[in-house]
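Q:
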Amino acid sequence: MSSSPQTPAEVGKEEKKQLELAQGFGLSADEFKRLRELLGRSPSLEEIAVTGALWSEHCSYKSSRVHLSRFHTQEPWVLQGPGENAGIVEIAEGVGLAFKMESHNHPSYIEPYQGAATGVGGILRDVFCMGARPIANLNCLRYGEGDYNAHLLKHTVRGIGDYGNSVGVPTVGGQTRFHHGYSKNILVNAFTAGLVKSDAIFRGKLQNDSTQPRQQVASRLLPAQPMTAEKRSELFPSGANLLLYFGSATGRDGVHGATMSSDTFDDASAALKPTVQVGDPFAEKKLLEVTLELLEKKLVVGLQDMGAAGLTSSGVEMAGRSGCGVVIDLNLIPARTARLKAFEYLLSESQERMLCAVTPEKAPAVIELCRQHQVAAAVIGSVNDTGEFICLHNDEVVCVLPVGILTDNAPKYTWPLQDRDAYLREHARIERPLPADSGLKIGLPEETRKSLAGVLESATTSFAQAWPVLQKHLPELMSLPVHASKDPLTRHYCSTVQGNTIAGCQTPRSSAAALVRLDEAFVPESAHDTFARNAPVVALAAGCQERWIEIDPLHGAAQSTLLLSRRIVASGGRPLAMTDCLNFGSPRQPAVMRQISDAIDGINSVAKTMRIPIVSGNVSLNNQTGTTPIPPTPMVGIAGVVDSCQRVVGDLPSLTKNNSTSQHRLYWLCAKNTDSLTNFAMSEMAWNVFHKNNGPVPQADFASEMQMNEFLAELNQQQHLNSCAVAGCGGVLMTLLTMAARTQSALAFTKECLALHVQTLFAEGQAGVIVSGPALADQRIAGQADARGLRLVPLADLISCDSLAPTESQVWKAASAQYSDSLKSFFR
Amino acid sequence: MTRQKAAVLQFPGTNCDQDTLRWLARNLDLDVSFVRNQEDIEKRPPGHTAVIILPGGFSFGDYLRAGALAARSPLMDWVRREAAAGVAVLGICNGFQILCESGLLPGALAPNVIRQHVHEFVTIHAEISVASRWTPKLTSGQLLTLPISCGMGNFVAPRKADSFQTLFRYTLNILGSSESIAGISNPEGNIVGMMPHPERASDPTLGASDGLFMLDALATQLGIPVRADSPLDHWRKTKHAHNTH
């Protein structure tokens, strides 16, 4: 600071300069003012940097917190709810399943390979830093159209695969969809689940007892002066827990990452490329092994990965949870670049790094274990009772911020919401432009569209009348990216490593949910002999139906979440809990805030009524370019359990893919009032053929869903279910056609099916499931369904193409080929 | 009688170690443990170990060539000595790459011709009238369905045809290997390397059991008892039932 007194003009100039600086670190003018008031002084550069990162949307949830607090989060089987690195539910006696989903949208658009790879790395660390061994990865991806999106598709998929494969965690499922609204803001959401013994769950804290600190030292440290031995001993009290850093060294990558992810895109976004982090899966694998061993040996007190806003957020979050203070000497941090500035140390998002608190006695053992695993480690600071986040650099105090300012006192915004009725009116009809005709093509050719429109226009056209036209266009329909086989993507993902995957990508068995058997290490030794056959199975499903939600965020989000829950049930399981990753546009737009608020309520209605609590989550806002937000995409991941391997239900009658089946009759199991629970006008088919969707989105009928769940569980218990598939994207008919394509078979429709309205067969919403099994022909079972308000409609037989006349067989074979090959061209 | 001993190697970055150990332990009455450092080797004097497996994964991140760094680690000197003494060695995927890089098997593994990591269940056929410690001498062809998961699985055969024998070939050669080769052994038959993963296809619950074919052969040749009620036990009974028809 200047020693001579400043004139008012100089002070004003100084303040203006500081404000510009603050804005560079993502703080608004109001937020900067708030910071000054809370501190009662001018913040230093480093303090502005730290505050900017922690008050960013990405770290503080400042625009969504008000709404997130409504979530239903507790049930007796929840071991850890929101607030930690991941949520945990009890999946079997004494065994917890930790899981969470997180977005990496902005980096993936700028640098798809590294952006997607580091997204996987980050979510893995969130799970294993709680002591859980990752057992499954899922990913939910959204792309738009055109040439750049073709590039993004290829490289994000490669990034996801290469990272997960190398670390050795199977990538078993997820959801990939396409919509023009993502062309300039793709979504890459990564989900990880891991297993942990319930008595070994680890949390991010700094000491075992929560203290009542508040012996603030800011007044004695500021303005910054050189360190003295006396001050040092005050900041680093003897006997206090130490802060220990381990993992990769720190570089400049990812500085400003959290602020970038909290911003909308504009023309300058390309300039952000250097702020994208670079992943090193080998470092992650070593970090995973050393972390789990440290926790198993109980060598550390608390642990947190360095994710968004790096060291800053991990240090502050742990201090916040423990109610104490921390001091970090930035010069002690292992660095891979010389002369890093203090704020660069603080904001770096270099990957594969952990921060832990250890007692002084155990620090040497921790460092030795890290050495054995070839992982760098260093003591970089200490826990103290100041309640402040204090940093030293070159022996000078550069940052002294009360932790409360960064956590509880972070701004919370209640942005204005558009009136619900006004929103619904404005979105009663959503439209798409003519599809792009190069690169990633996500629409139907114009002639096909017109021809299909002819048979789909009228609500009274029967399926029998429409089928000849539909059949003619079967190859084009099956090659639409949204319907086509995702095998060309998923063959990049190793889904069988760890040896427990029952149904995942490219596995012999397939199911409506991804299925991973509990690992042997998590059951008592006495059960090992029969383990392989009787172990409980983790069932996972993730995704979102963005168009329904755009039309009506409340009912759309409920229906979308219910559809995922149905996937768990169809696989033979019970849903236990969910995580969410809420991707939206800018909260400053009242329509977007309406979407956020209503989608949260929609998801929550399922959580409450179906008892599937929300145990972890992530919010990604500002997914928009200019003033056009992405379609509202609250991605949800549901974890459930199938009690035994033997109760697993596949989604294809033969249980194996690529296996021409003998005759299998497929039935539609749905509510008797299906017509009022589904809507053709909001379906994928209407979107592709008429280029528009209309509401209303039917309100979820939870009672009938519960009847369906119970009935399916009963059928499964009695071993009557040969297969169960969820009527998903494209309604009952596209689901049936996909089943035929996957088995290279044909369908012989029943007279009951041919008599249905064609719109009924393509309608989406609460559309039930498609089941098979010899016992389903039994009138008694139909009677049981009827008693529950459900009906079983025979739809079709899955038959071998070779049993048909050559011309007809040709169409089915072409459809199968289009289905398998459509997305291949993007991966050459 | 004391149980025969098997070692599963762990390099930093190996990630199929647990499932490979279980593959052995679940099916065979063997004393199986991991070997990851000098200390572990010192506990294993010559003649102590009967079986060594180099499992799959990304040893040392595979940032140079796949397997190149692991091949030059001290653990491989031990494997070289044991292999020379006739111990049954199997390298799966990254293990195969390490065996080739270390010269224990001839040839090399180049990037897949499709230039990407591929995970897929593939069909391979076992060659007839070739014997190794891990495969039986067949009189008729045998098809196996096993998963591959690799970015560098394209086997480039050495010039000298008598420096190895082919055990498996792909029915569809998507990786681009010389003569569709999926797995080989040294002429003596005790060192085997293969790209597909038998350990991931040895459990009917997971929908694939063909990997048991290799454990069956190993157990027969080394006289290792099969664990009762194990997948291999059931597999053998079914096979026997078929043969008597």
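If you read the protein sequences in the order shown, they are chains A and B.
The first sequence runs 1406 to 2233 under our numbering.
The second sequence runs 10 to 254 under our numbering.
Just so it is clear, CB atoms sit at the ideal spot from N, CA and C, and this is done for glycine as well.
None of these values were measured; they are calculated from a predicted model.
(1) Can you find at least 3 beta carbon pairs, one from the region 209-216 of chain B and one from the region 1907-1915 of chain A, that sit closer than 8 Å?
(2) Do A/Met-1759 and A/Thr-1696 count as a contact pair if the criterion is CB distance below 9 Å?
(3) I need the DSSP call for B/Ser-194, collapsed to helix, strand or coil.
(4) My assumption, with CB atoms under 8 Å, is that A/Ile-1785 sits in contact with A/Ile-1738. Please give the rounded CB distance.
(5) For B/Arg-90, count the other beta carbons within 10 Å of its own beta carbon; 16 or more makes it buried, fewer makes it exposed. Which is it?
(6) Can you give me the C-alpha to C-alpha distance between B/Gln-19 and B/Leu-63, rounded to a whole angstrom?
(7) Taking only three categories from DSSP, how would you classify A/Tyr-1466?
(8) Looking at chain B, is there any beta carbon in it that lies within less than 9 Å of the beta carbon of A/Tyr-2224?
(9) Kindly indicate which residue of B/Thr-132, B/Val-17, B/Ser-42 and B/Pro-83 has the alpha-carbon position closest to the one of B/Ile-190.
(10) Express the C-alpha separation of A/Leu-1969 and A/Thr-1764 in angstroms, rounding to a whole number.
(11) Are any of the Cβ atoms in chain B nearer than 9 Å to that of A/Cys-2158?
(12) Should A/Val-1788 be labelled buried (16 or more other beta-carbon atoms within 10 Å of its own) or exposed?
(13) Can you grab the Cα-Cα spacing for the pair A/Leu-2142 / A/Thr-2155, in whole Å?
(14) Can you list, in chain order, the residues of its chain with a C-beta nearer than 8 Å to that of B/Thr-58? Leave out the 5 residues immediately preceding and following it.
(15) Grab the span of the alpha helix (DSSP H) containing B/Thr-154 for me, first residue to last.
(16) Where does the unbroken beta strand (DSSP E) through A/Asp-2202 begin, and where does it stop?
(17) In chain order, what residues of the same chain have a beta carbon less than 7 Å from the beta carbon of A/Asp-1826, not counting five sequence neighbours either side?
(18) Just reading off the beta strand (DSSP E) that A/Val-1572 is part of, what are its end residues?
(19) Quick check on the DSSP output: the beta strand (DSSP E) that includes A/Gln-1709 runs from which residue to which?
(20) Alpha carbon to alpha carbon, what distance is there between B/Pro-207 and B/Leu-226?
(21) Over the uninterrupted beta strand (DSSP E) stretch that includes A/Arg-1733, give me the two end residues.
(22) Which residue wins for smallest C-alpha separation from A/Asp-2207, given the options A/Val-2198, A/Leu-2197, A/Pro-2199 and A/Lys-2218?
(23) What separation, rounded to the nearest whole angstrom, lies between the Cα atoms of A/Glu-1773 and A/Leu-1692?
(24) Nearest chain B C-beta to A/Asn-2127 closer than 9 Å, yes or no?
(25) Apply the 10 Å Cβ neighbour rule to A/Ser-1643 and answer buried if 16 or more other Cβ atoms are within range, or exposed otherwise.
(26) Which of the three DSSP states is assigned to A/Cys-1545 in this structure?
(27) Does the separation of the CB atoms of A/Leu-1981 and A/Val-1532 fall below 9 Å?
(28) Where A/Gly-1417 and A/Leu-1424 are concerned, what is the direct C-alpha to C-alpha distance, given to the nearest angstrom?
(29) For B/Asp-28, I'd like the list of residues in its chain whose CB is within less than 7 Å of its CB, leaving aside the five on either flank, ordered along the chain.
(30) What residues in its chain sit with their C-beta under 6 Å from that of A/Glu-1749, if we drop five residues either side in the sequence?
(31) Grouping DSSP H, G and I as helix and E and B as strand, with all else coil, what is A/Leu-1923?
(32) Closest to A/Lys-1891 by CA distance: which of A/Val-1525, A/Ser-1447 and A/Leu-2228 is it?
(33) Within the 9 Å Cβ cut-off, does B/Thr-247 reach chain D?
(34) Report yes if the C-beta distance between B/Ser-194 and B/Thr-148 is below 9 Å; otherwise report no.
(35) Looking at the structure shown, is B/Asn-36 part of a helix, part of a strand, or coil, going by DSSP?
(36) Could you check where the beta strand (DSSP E) with A/Ala-2099 kicks off and where it finishes?
A: So, from the data block:
(1) Yes: the two stretches touch, three or more of their Cβ pairs being nearer than 8 Å.
(2) The residue labelled residue 1696 of chain A in the question sits at position 291 within the first sequence. The residue labelled residue 1759 of chain A in the question sits at position 354 within the first sequence. Yes. Within cutoff.
(3) Here residue 194 of chain B corresponds to residue number 185 of the second sequence, with the count starting at 1. Strand, per DSSP.
(4) Stepping through the first sequence from its first residue, residue 1785 of chain A is reached at position 380. Stepping through the first sequence from its first residue, residue 1738 of chain A is reached at position 333. Contact holds; Cβ gap of about 5 Å.
(5) As a working note, residue 90 of chain B is residue 81 in the second sequence. With fewer than 16 Cβ atoms within 10 Å of its Cβ, B/Arg-90 is classed as exposed.
(6) As a position in the second sequence, residue 19 of chain B is number 10, starting the count at 1. As a position in the second sequence, residue 63 of chain B is number 54, starting the count at 1. One C-alpha to the other measures close to 8 Å.
(7) Within the first sequence, the letter at position 61 stands for residue 1466 of chain A. Three-state DSSP puts A/Tyr-1466 in coil, outside helix and strand.
(8) One-based indexing of the first sequence puts residue 2224 of chain A at position 819. So no, A/Tyr-2224 is outside the interface.
(9) For the purposes of this step, residue 190 of chain B is taken as the residue at position 181 of the second sequence. Of the listed residues, the one whose Cα sits closest to B/Ile-190 is B/Thr-132.
(10) As a position in the first sequence, residue 1764 of chain A is number 359, starting the count at 1. As a position in the first sequence, residue 1969 of chain A is number 564, starting the count at 1. Roughly 44 Å between the two C-alpha positions.
(11) Position 753 of the first sequence holds residue 2158 of chain A. No, its Cβ sits nowhere closer than 9 Å to a Cβ of chain B.
(12) On the first sequence, position 383 is the one that residue 1788 of chain A refers to. By the 10 Å Cβ count, A/Val-1788 comes out buried.
(13) As a first step, residue 2142 of chain A must be located in the first sequence, where it is residue number 737. As a first step, residue 2155 of chain A must be located in the first sequence, where it is residue number 750. A/Leu-2142 and A/Thr-2155: Cα-Cα distance of roughly 14 Å.
(14) Numbered from 1 along the second sequence, position 49 holds the residue referred to as residue 58 of chain B. Result list for B/Thr-58: Lys-14, Ala-15, Ala-16, Glu-91 and Val-96, in chain order.
(15) On the second sequence, position 145 is the one that residue 154 of chain B refers to. It is not in any alpha helix (DSSP H) - B/Thr-154 instead sits in the beta strand (DSSP E) that spans 151-159.
(16) Sequence index remark: in the first sequence, residue 2202 of chain A carries index 797 (1-based). Taken as a continuous stretch (DSSP letters only), the beta strand (DSSP E) holding A/Asp-2202 covers 2195-2205.
(17) Taking the first residue of the first sequence as position 1, residue 1826 of chain A is located at position 421. If we look at A/Asp-1826 and ignore the five residues flanking it on each side, it has no Cβ neighbours.
(18) Within the first sequence, numbered from 1, the residue matching residue 1572 of chain A stands at position 167. Counted as a single uninterrupted DSSP element, the stretch harbouring A/Val-1572 is not any beta strand (DSSP E) but the alpha helix (DSSP H) occupying residues 1552-1572.
(19) Reading the first sequence from its first residue, position 304 is the one you call residue 1709 of chain A. Per DSSP, A/Gln-1709 belongs to the beta strand (DSSP E) from 1707-1710.
(20) Along the second sequence, one-based indexing puts residue 226 of chain B at 217. Along the second sequence, one-based indexing puts residue 207 of chain B at 198. Looking at the sequence shown, residue 226 of chain B is not Leu but Ala. So the alpha carbons of these two residues sit roughly 13 Å apart.
(21) Translated into positions along the first sequence, residue 1733 of chain A becomes position 328. Position check: residue 1733 of chain A holds Ile in this sequence, whereas Arg was assumed. Where A/Ile-1733 is concerned, the enclosing beta strand (DSSP E) stretches over 1730-1734.
(22) Your numbering for residue 2207 of chain A matches position 802 in the first sequence. For the residues A/Val-2198, A/Leu-2197, A/Pro-2199 and A/Lys-2218, the minimum Cα distance to A/Asp-2207 belongs to A/Lys-2218.
(23) Here the question's residue 1773 of chain A lines up with position 368 in the first sequence. Here the question's residue 1692 of chain A lines up with position 287 in the first sequence. A/Glu-1773 and A/Leu-1692: Cα-Cα distance of roughly 14 Å.
(24) Position 722 of the first sequence, counted from the start, is the residue given in the question as residue 2127 of chain A. False, the Cβ-Cβ gap to chain B never drops below 9 Å.
(25) The sequence position of residue 1643 of chain A within the first sequence is 238, counting from 1. By the 10 Å Cβ count, A/Ser-1643 comes out exposed.
(26) In the first sequence, the residue the question calls residue 1545 of chain A occupies position 140. Strand, per DSSP.
(27) Taking the first residue of the first sequence as position 1, residue 1981 of chain A is located at position 576. Taking the first residue of the first sequence as position 1, residue 1532 of chain A is located at position 127. No; because the gap between Cβ atoms is not below 9 Å, this pair is not in contact.
(28) Here residue 1417 of chain A refers to the residue found at position 12 of the first sequence. Here residue 1424 of chain A refers to the residue found at position 19 of the first sequence. Approximately 10 Å between the Cα atoms of the pair.
(29) Residue numbering aside, residue 28 of chain B sits at position 19 when the second sequence is read from its first letter. Taken in chain order, the residues that qualify are Glu-208 and Arg-209.
(30) Counting from 1 along the first sequence, the entry for residue 1749 of chain A is found at position 344. So the qualifying residues of the chain are Arg-1657 and Val-1660.
(31) Taking the first residue of the first sequence as position 1, residue 1923 of chain A is located at position 518. In this structure, A/Leu-1923 counts as coil in the three-state DSSP scheme.
(32) In the first sequence, residue 1891 of chain A corresponds to position 486, counting from 1. That would be A/Leu-2228, whose Cα lies nearest to the Cα of A/Lys-1891.
(33) The chain inventory of the structure shown lacks chain D, comprising the protein chains A and B.
(34) Working through the second sequence from its first residue, we reach residue 194 of chain B at position 185. Working through the second sequence from its first residue, we reach residue 148 of chain B at position 139. For B/Ser-194 and B/Thr-148, no; Cβs fall outside 9 Å.
(35) The count along the second sequence starts at 1 and reaches residue 36 of chain B at position 27. Reduced to three states, the DSSP call for B/Asn-36 is helix.
(36) Taking the first sequence and counting its residues from 1, the one referred to as residue 2099 of chain A is at position 694. The displayed chain sequence assigns Asn, not Ala, to residue 2099 of chain A. Taken as a continuous stretch (DSSP letters only), the beta strand (DSSP E) holding A/Asn-2099 covers 2097-2099.
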